[in-house]
Amino acid sequence: MVDFYNFSNCEIKFLPLGTFSKQWSMTVPPVVDSTIGGDVVLPCSFTHPQQQDYSKDITVQWITRQFHDTPFFQCKVTNVTTGGINECSVPESYQRFLVAGDPKQRELSLLIRDLAVTDNGVYFCRVELDYYLGDGKWQTASGTQLNIMAKAQILSLSWVEASLGPGNGSLRCVVEGNPPSTITWFTSSEGNIDPGVSTIGTHPFQWTSSIPYFPQEVYTCRAENSLGRAERRFPPGPTALTIALSVCGVLLLLLLLGVALFYLRKREDGDMELNLVYANIQLKTTQRKYSIIAILGHEFHKYSTKYQNQLR
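Going by our numbering, the sequence shown opens with residue 41, and the numbers climb by one from there.
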């Protein structure tokens, strides 16, 4: 028995449907690892006897979960030299999936974008050619296991009302991660408490844990696996965003207050300067007035004296 997991790449030779030919082959890796939120390419290439002069359609298909399931991805290209490098067009519903290789060069690799934990599973590469009747369909037998690794995260922590009779209800913590996460509960008064049995969620990498709720307590749900840990509190405390917004609000208020004081001070200085200028103008006007009077008085006295001397 061959242990495929000891190989980074594996060539699988198999029989086409409806024939006993051994000239066909398809090469795929047994395992591909990737992380949540990233992109991954599942390699797949094949050979066939008429690859030198084949000029008909090539249909690329990918199947997941079970060998005989309906393909979740399919595209077709004509094996001619005209046109672009890769004309294997797909509908908009395949937004996350794209042929990464060139089917004309017998490369059928699949690109998967924005990986989610639910993409974890077995993928089968399949090709259909307009060959002999019943002999133009080939598919990997064991497929490629795609492992999506994701550190533990808490999807939600919420209060659930009691369904029957009086009561304070319960708290429900929903977590996700691969490897699967363990769930731990803490309270403000008792510390670590027994969460009971966790139940599986909408897929094998999502788990739900519930405990009775008492309003006087503060609860913490912790999810942990080998890649990381996450915590969430109920009732929720101030978040980093709330704190940051509060600090920014205080700084903005202080800035506005400083600007207001600056303009008030500047206005007071302006009023004082204006008053000084006005007083200076008044003083100069008064001085000028008295100077004119003095000059007039002096001239009057001079002419008066001269006139009196002439009368004598």
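The beta-carbon is built from N, C-alpha and C at its ideal position, and this holds for glycine as well.
Would you mind working out which of the options sits nearest residue i, comparing C-alpha positions?
i           : options               : result
residue 71  : 225, 164, 119 and 196 : 164
residue 183 : 195, 190 and 166      : 166
residue 135 : 114, 119 and 141      : 114
residue 94  : 169, 152 and 112      : 169
residue 259 : 112, 253 and 227      : 227
residue 192 : 76, 66 and 67         : 76
residue 176 : 147, 89 and 140       : 89
residue 225 : 251, 218, 207 and 241 : 251
residue 145 : 91, 106 and 178       : 91
residue 67  : 106, 143, 180 and 142 : 180
residue 186 : 150, 230, 287 and 207 : 150
residue 63  : 295, 178, 229 and 264 : 178
residue 120 : 284, 200, 143 and 107 : 143
residue 255 : 200, 288 and 137      : 200
Tell me which same chain residues have a C-beta within less than 6 Å of the C-beta of residue i, skipping the five on either side of it?
i           : result
residue 61  : Here residue 61 scores only 47 on pLDDT, less than 50, and its place in the model is too uncertain to base an answer on.
residue 156 : none
residue 118 : 97
residue 202 : 209
residue 303 : none
Is the beta carbon of residue j closer than 8 Å to that of residue i?
i           : j           : result
residue 249 : residue 238 : yes
residue 354 : residue 214 : A query on residue 354 cannot be resolved here, the shown segment of the chain reaching from 41 to 352 and no further.
residue 36  : residue 223 : The structure shown does not extend to residue 36, since the chain spans only 41 to 352, so no value can be given for it.
residue 253 : residue 211 : yes
residue 152 : residue 234 : no
residue 162 : residue 148 : no
residue 273 : residue 262 : no
residue 229 : residue 257 : yes
Against chain C, does residue i count as a neighbour if the rule is that its beta carbon must be under 8 Å from one of theirs?
i           : result
residue 236 : The structure shown has no chain C; it contains just one protein chain.
Given residue i, which residues of its chain have a CB within under 8 Å of its CB, disregarding the five upstream and five downstream residues?
i           : result
residue 111 : 101, 102, 103 and 166
residue 116 : 97, 98, 99, 100 and 128
residue 241 : 214, 216, 247 and 248
residue 289 : none
Return the chain-ordered list of same chain residues with a C-beta closer than 7 Å to the C-beta of residue i, the five sequence neighbours on each side being excluded.
i           : result
residue 109 : 103
residue 218 : 157, 160, 188, 189, 190 and 245
residue 105 : 161 and 162
If you scan the segment 190-251 from start to end, which runs of the beta strand (DSSP E) of 3 or more residues do you find wholly inside it?
-> Complete beta strand (DSSP E) runs here, min 3: 210-218, 222-227 and 231-233.
Within the segment 143-185, ranges of the beta strand (DSSP E) (whole runs, at least 3 residues) = 150-152, 161-169 and 177-179
Should the segment 83-91 be called in touch with the segment 187-196, which here means at least 3 C-beta pairs below 8 Å?
-> no
In chain order, which continuous runs of the alpha helix (DSSP H) of length 4 or greater are located wholly inside the segment 63-102?
-> Taken in chain order, the segment 63-102 contains no complete alpha helix (DSSP H) segment of 4 residues or longer.
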